[in-house]
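Following this note's numbering, the numbering of the sequence shown begins with 30 at its first residue and continues without gaps. In this text, a Cβ means the ideal position worked out from N, Cα and C, and glycines have one as well. To keep things clear, I will list the structure first and then write my remarks on it.
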Amino acid sequence: MGAKVYFILTGLVQQVVLGRVLGLDGYGALSTALSASSIAHNTIVQASLQGVSRTVARAGQQPKRALRRVLSHHTAVALALGALFWAFSPVVARALGAPHVTTSLKTLSLVFVFYGLYAPFIGALNGTKRIRAQASFDILSATLRTLGMVFGAALGARLLGAGQGPFGAVLGFALAAALVLVLSAFYVGVGEAGGAEPKASDYARELGSLVGGQLVLNLLFQADALLLRRFAADAALSVGQDVTAADTFVGAYRAAQLFAFLPYQLLASVTIVLFPLVARAQAEADPTRVREYVQNGLRIALMVLSLLLSLFVSVPGELIGLVYGAEAASLGGPTLRILGPSLCFLALLGVLTTCLNSLGHAKKTFLLTLVALVAVLTSATLLARGTPLEPELLKRMALGTGLGLILAVGLTARQLYREVGALVRFKSLGNILLTTALACAVGLFVLPPSLTIFLRAPLITIVQVLGLFALRELRPAELKGLLRPPQKKS
30 MGAKVYFILT GLVQQVVLGR VLGLDGYGAL STALSASSIA HNTIVQASLQ
80 GVSRTVARAG QQPKRALRRV LSHHTAVALA LGALFWAFSP VVARALGAPH
130 VTTSLKTLSL VFVFYGLYAP FIGALNGTKR IRAQASFDIL SATLRTLGMV
180 FGAALGARLL GAGQGPFGAV LGFALAAALV LVLSAFYVGV GEAGGAEPKA
230 SDYARELGSL VGGQLVLNLL FQADALLLRR FAADAALSVG QDVTAADTFV
280 GAYRAAQLFA FLPYQLLASV TIVLFPLVAR AQAEADPTRV REYVQNGLRI
330 ALMVLSLLLS LFVSVPGELI GLVYGAEAAS LGGPTLRILG PSLCFLALLG
380 VLTTCLNSLG HAKKTFLLTL VALVAVLTSA TLLARGTPLE PELLKRMALG
430 TGLGLILAVG LTARQLYREV GALVRFKSLG NILLTTALAC AVGLFVLPPS
480 LTIFLRAPLI TIVQVLGLFA LRELRPAELK GLLRPPQKKS
């Protein structure tokens, strides 16, 4: 858990500092390159980590031989796919309406290769239950990436000239990835020769199933930002501007995303606890406990989401201005007021699909995530395409994203209800909605706008928490075990 918190914090620091160093336009250009590349390298990293972990865990007394065997497979895959990513970088950049990020995308192909080779070593640590070592490498990787990107951005702008900060940042990213790869290889080792398992064909099938799910999930994370880049570039060209005019708007949208993704990141801790609880109750054929865990898990998730949603609605501009400055706040503030609640549905979708996965419905989860992706692409395109290069474009993109996610959450909740026979209780849902409305009203209409964000935000949260206590929705005992349902009677 500590590594997860550190990962989130370093990510926040990284994005905030890069926004200051590069300016809103440079930050927007960098965000486009990172969004496009992250779909590829996050997919291969997560699939590789899970695939190697399973293989090493199944190897019994020969984990080193199994590691050497899969390393040979992953080396070939990483090099081949990295070369493809480099070759198609110009095509991707043009398709996004951002040819000026081609060099950055080509450089990020190195990150693809380095992380594609690094992930198997971390998977080996996970498969042999060396969780503390895995967490240490997660922390090291996050630290090196942040330092590399920040110093790379600053040096790139100073040494290579104006507009080269984004390239310097991705070069620093690549160097950090190379360093953590070398360190992990020395620490874990490359295994022992002589293993015959897994066979290449069997492992390819297993890895392929993992890649499919991760690819759809990462496309869902980046769909709105990449669509926005394309539509903003088209809008700039339609009035005779260069495509780089879109960078500022993309940067402002990314600033809003930084806060809007917090619900998903925070609820990851809920899903980590919820998954084994539901899976164990399901394995023990105890439907009553399954329902209790699902109901309580969803209730806790909704309370966490409601606390953040109140801030997104009440003080969006102040939140962005606090870390990105006035220009980002003026463009991104109204966007966050829509995008924040929209991505709360993404976080809720994550909890719902975790419950389905824990019940053994991975294929249904994949299909529902695919539906979410198609819904977001469709609704965002219908609402945002053709909008002039104005702040309205950002709000339309955020709204389209939210509508697609609402549809996906509805379908996923319906499927989970069919499997379990229960979701969150109506009384709990009503209490949470009531306290959220109260907190938003206090933030928007009661607290004076002149009050500093350092006072307004805590006061809004305090009002909501007190409301939850007053309605007995949040009870003091739950602060020690939020996911613990009532004990079974013997």
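Entirely enclosed beta strand (DSSP E) segments - the stretch 451-497, minimum 3 residues: none
In angstroms with no decimal places, state the Cα-to-Cα distance between Phe143 and Gln75. On the sequence shown, position 114 is the one that residue 143 refers to. On the sequence shown, position 46 is the one that residue 75 refers to. Near 14 Å, if we compare the C-alpha coordinates of Gln75 and Phe143.
Reducing DSSP to helix, strand and coil, say where Lys158 ends up. Here residue 158 refers to the residue found at position 129 when the sequence shown is read from its first residue. In this structure, Lys158 counts as coil in the three-state DSSP scheme.
Once DSSP output is grouped into helix, strand and coil, what is the label at Ala127? The sequence position of residue 127 within the sequence shown is 98, counting from 1. The answer is coil: DSSP assigns Ala127 none of H, G, I, E or B.
Helix, strand or coil for Gln270, going by three-state DSSP, please let me know. As a first step, residue 270 is located in the sequence shown; it is residue number 241 there, counting from the start. Here Gln270 sits in coil by DSSP.
Can you say whether Tyr353 is buried or exposed, counting buried as having 16 or more other CB atoms within 10 angstroms of its CB? In the sequence shown, residue 353 corresponds to position 324, counting from 1. So Tyr353 counts as buried.
DSSP three-state label for Arg414, please. On the sequence shown, residue 414 is found 385 positions in, with the first residue counted as 1. If DSSP states are grouped into helix, strand and coil, Arg414 belongs with coil.
Straight-line Cα distance separating Arg501 from Thr131: Start at 1 with the first residue of the sequence shown, and residue 131 comes out as number 102. Start at 1 with the first residue of the sequence shown, and residue 501 comes out as number 472. Cα to Cα, Thr131 sits roughly 55 Å from Arg501.
Beta-carbon spacing of Val342, Arg318 below 8 Å: In the sequence shown, the residue the question calls residue 342 occupies position 313. In the sequence shown, the residue the question calls residue 318 occupies position 289. Taking 8 Å as the Cβ cut-off, Val342 and Arg318 do not qualify as a contacting pair.
Considering only C-alpha positions, which residue in the set Gly192, Pro487, Leu336, Ala264 is nearest to Gly55? Working through the sequence shown from its first residue, we reach residue 55 at position 26. If we check each option's Cα against that of Gly55, Gly192 comes out closest.
Does the distance from the C-beta atom of Thr364 to that of Lys456 stay below 8 Å? Residue mapping note: residue 364 aligns to position 335 of the sequence shown, counting from 1. Residue mapping note: residue 456 aligns to position 427 of the sequence shown, counting from 1. No; because the gap between Cβ atoms is not below 8 Å, this pair is not in contact.
Identify the continuous alpha helix (DSSP H) that holds Gln311 and give its terminal residues. Along the sequence shown, read from residue 1 onward, the residue named residue 311 stands at position 282. Counting along the chain, the alpha helix (DSSP H) containing Gln311 begins and ends at 291-312.
Grouping DSSP H, G and I as helix and E and B as strand, with all else coil, what is Asp315? Against the sequence shown, residue 315 aligns to sequence position 286. Three-state result, Asp315: coil.
Whole-number beta carbon distance between Ser339 and Gly472, since they are thought to touch under 8 Å: Numbered from its first residue, the sequence shown carries residue 472 at position 443. Numbered from its first residue, the sequence shown carries residue 339 at position 310. At roughly 7 Å, the Cβ-Cβ gap stays under 8 Å, so Gly472 and Ser339 are in contact.
Among Gly48, Val46, Ser238, which one has its Cα closest to the Cα of Ala391? Reading the sequence shown from its first residue, position 362 is the one you call residue 391. Nearest of Gly48, Val46, Ser238 to Ala391, Cα basis: Ser238.
Just to confirm my understanding: we take Leu378, look at its own chain, exclude 5 residues before and 5 after, and list those with CB closer than 7 Å. What are they? As a working mapping, residue 378 is identified with position 349 in the sequence shown. Closer than 7 Å at Cβ, skipping near neighbours: Ala401, Leu434, Ala437, Val438, Thr441.
Using a 10 Å radius around the Cβ and a threshold of 16 neighbouring Cβ atoms, would you call Val272 buried or exposed? Here residue 272 refers to the residue found at position 243 when the sequence shown is read from its first residue. It is buried - the Cβ of Val272 has at least 16 other Cβ atoms within 10 Å.
Whole angstroms is fine: what's the gap from Glu356's alpha carbon to Gly350's? As a working note, residue 356 is residue 327 in the sequence shown. As a working note, residue 350 is residue 321 in the sequence shown. Their Cα atoms are separated by approximately 8 Å.
Going by C-alpha to C-alpha distance, which of Pro119, Leu125, Lys135, Val120 sits closest to Gly111? Sequence index remark: in the sequence shown, residue 111 carries index 82 (1-based). Closest by alpha carbon: Lys135.
Cβ neighbour criterion (16 or more within 10 Å) applied to Gln243: Taking the first residue of the sequence shown as position 1, residue 243 is located at position 214. Burial call: buried.
Taking the alpha-carbon of Ser77 as reference, which of Leu51, Gly156, Pro119 has the nearest alpha-carbon? As a position in the sequence shown, residue 77 is number 48, starting the count at 1. That would be Gly156, whose Cα lies nearest to the Cα of Ser77.
Could you compute how far the alpha carbon of Ser66 sits from the alpha carbon of Ser213? The residue labelled residue 66 in the question sits at position 37 within the sequence shown. The residue labelled residue 213 in the question sits at position 184 within the sequence shown. Using only the alpha carbons, I get a separation of about 22 Å.
Just to confirm before moving on: does the CB-CB distance between Val405 and Thr430 stay below 8 Å? As a working mapping, residue 405 is identified with position 376 in the sequence shown. As a working mapping, residue 430 is identified with position 401 in the sequence shown. Yes, Cβ-Cβ distance for Val405 and Thr430 is below 8 Å.
When the Cα of Leu113 is compared with those of Ser138, Arg123, His102, Ala124, which residue comes out closest? To locate residue 113, count along the sequence shown from 1; it is residue 84. Comparing Cα positions, the closest option is Ser138.
Does DSSP put Leu189 in a helix, in a strand, or in coil? As a first step, residue 189 is located in the sequence shown; it is residue number 160 there, counting from the start. Three-state result, Leu189: coil.
Please check the pair Ala252 and Leu418, which I expect to be a contact at CB under 8 Å, by giving their CB distance rounded to whole angstroms. Taking the first residue of the sequence shown as 1, we reach residue 252 at position 223. Taking the first residue of the sequence shown as 1, we reach residue 418 at position 389. Their Cβ separation, rounded to whole angstroms, is 20 Å, which puts Ala252 and Leu418 out of contact at 8 Å.
Who are the near neighbours of Gln163 in its chain, counting only those whose CB is closer than 7 Å to its CB and skipping five residues on each side? As a first step, residue 163 is located in the sequence shown; it is residue number 134 there, counting from the start. Here the set comprises Ile151, Leu154, Asn155.
Measure the Cβ-Cβ separation of Ala358 and Gly346 and say whether it is below 8 Å. What you label residue 358 is simply residue 329 of the sequence shown in a count that begins at 1. What you label residue 346 is simply residue 317 of the sequence shown in a count that begins at 1. Yes, the pair counts as a contact, with Cβ atoms nearer than the cut-off.
Assuming Glu356 is part of the alpha helix (DSSP H), what are its boundary residues? The residue labelled residue 356 in the question sits at position 327 within the sequence shown. Where Glu356 is concerned, the enclosing alpha helix (DSSP H) stretches over 355-387.
Would you call Thr27 buried or exposed, if buried means 16 or more other Cβ atoms sit within 10 Å of its Cβ? In the structure as shown, the chain begins at 30 and stops at 519. Residue 27 is therefore absent and cannot be evaluated.
By how many angstroms is the C-alpha of Leu108 removed from the C-alpha of Phe117? Within the sequence shown, the letter at position 88 stands for residue 117. Within the sequence shown, the letter at position 79 stands for residue 108. Answer to the nearest angstrom: the Cα atoms are 14 Å apart.
Do the stretch 446-456 and the stretch 481-495 make contact, defined as three or more Cβ pairs closer than 8 Å? no
Within a Cβ cutoff of 6 Å, which residues of the same chain sit near Leu432, ignoring the five residues on either side of it in sequence? By 1-based counting over the sequence shown, the position of residue 432 is 403. Ser408, listed in sequence order.
Report buried or exposed for Lys93, applying the criterion of at least 16 other Cβ atoms within 10 angstroms of its Cβ. Taking the first residue of the sequence shown as position 1, residue 93 is located at position 64. Flag for Lys93 reads buried.
Top-ranked residue by Cα proximity to Thr382, from Gly40, Val199, Leu296: As a first step, residue 382 is located in the sequence shown; it is residue number 353 there, counting from the start. The shortest Cα separation from Thr382 among Gly40, Val199, Leu296 belongs to Leu296.
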